[in-house]
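Undergrad:
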Amino acid sequence: QVRAVDSGGGLVQPGGSLRLSCRVSGIDFRNNAIGWYRQAPGKQRESAAVAVITRNGATNYADSVKGRFTISRDNNKNTVYLQMNTLKPEDTAIYYCNVIGTSIWGQGAQVTVSS
Numbered sequence: 012q013v014r015a016v017d018s019g020g021g022l023v024q025p026g027g028s029l030r031l032s033c034r035v036s037g038i039d040f041r042n043n044a045i046g047w048y049r050q051a052p053g054k055q056r057e058s059a060a061v062a063v064i065t066r067n068g069a070t071n072y073a074d075s076v077k078g079r080f081t082i083s084r085d086n087n088k089n090t091v092y093l094q095m096n097t098l099k100p101e102d103t104a105i106y107y108c109n110v111i112g113t114s115i116w117g118q119g120a121q122v123t124v125s126s
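Numbering (my numbering), first residue to last: 12 to 126.
1) For I38, which residues does DSSP report across the bridge?
2) Would you kindly work out how many angstroms separate the C-alpha atoms of N96 and Q24, rounded to a whole number?
3) Would you mind giving the Cβ-Cβ distance between R66 and R41, rounded to the nearest angstrom? I have them listed as a contact below 8 Å.
4) Put D102 into one of helix, strand or coil per three-state DSSP.
5) Could you tell me which residues DSSP puts in a beta bridge with S83?
6) Taking the continuous beta strand (DSSP E) assigned at A62, which residues delimit it?
7) With V63 and A44 assumed to form a contact (beta carbons below 8 Å), what rounded beta-carbon distance in angstroms separates them?
8) Just to confirm the assignment, what range does the beta strand (DSSP E) spanning D17 have?
9) For a test of the three-state rule: what should DSSP assign to R49, helix, strand or coil?
See the structure below:
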């Protein structure tokens with residue numbers, strides 16, 4: 012069965028950190044690029060990923076998270092991670108992972124940054 016499962020969200024104070032995980036099954040994971048997208052409260056999901064990692068490990072970030080977020084992958088575990096540091100209230104959103112170029116999406120992980 013092809014699926015992606017997001018986990019690791021939560022409530023954190025401004026300046027704090029969280030790590031999201033996305034485990035993908037049912038595909039040739041190591042040969043696919045994976046991206047993280049987010050949907051802020053009351054808004055549509057952003058069309059551009061906040062972070063992408065290619066099958067070769069190259070990474071790309073949105074300007075809004077560059078220097079604070081780090082995307083990585085463990086091909087042995089079919090898992091992609093998003094380490095989020097120095098979180099800001101404007102990072103509050105549901106975060107979804109996606110197998111780039113497919114309709115495979117995680118169910119979403121809620122991240123709330125608030126004091």
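Don't be surprised by glycine CBs; every beta carbon is placed ideally from N, CA and C.
TA: The structure says:
1) None, per the DSSP bridge assignment.
2) 11 Å
3) 6 Å
4) Note: D102 maps to helix in three-state DSSP.
5) DSSP output for S83 lists Y92 as bridge partner(s).
6) 62–64
7) Contact between V63 and A44 holds: CB atoms are separated by about 6 Å, below the 8 Å threshold.
8) 14–18
9) strand
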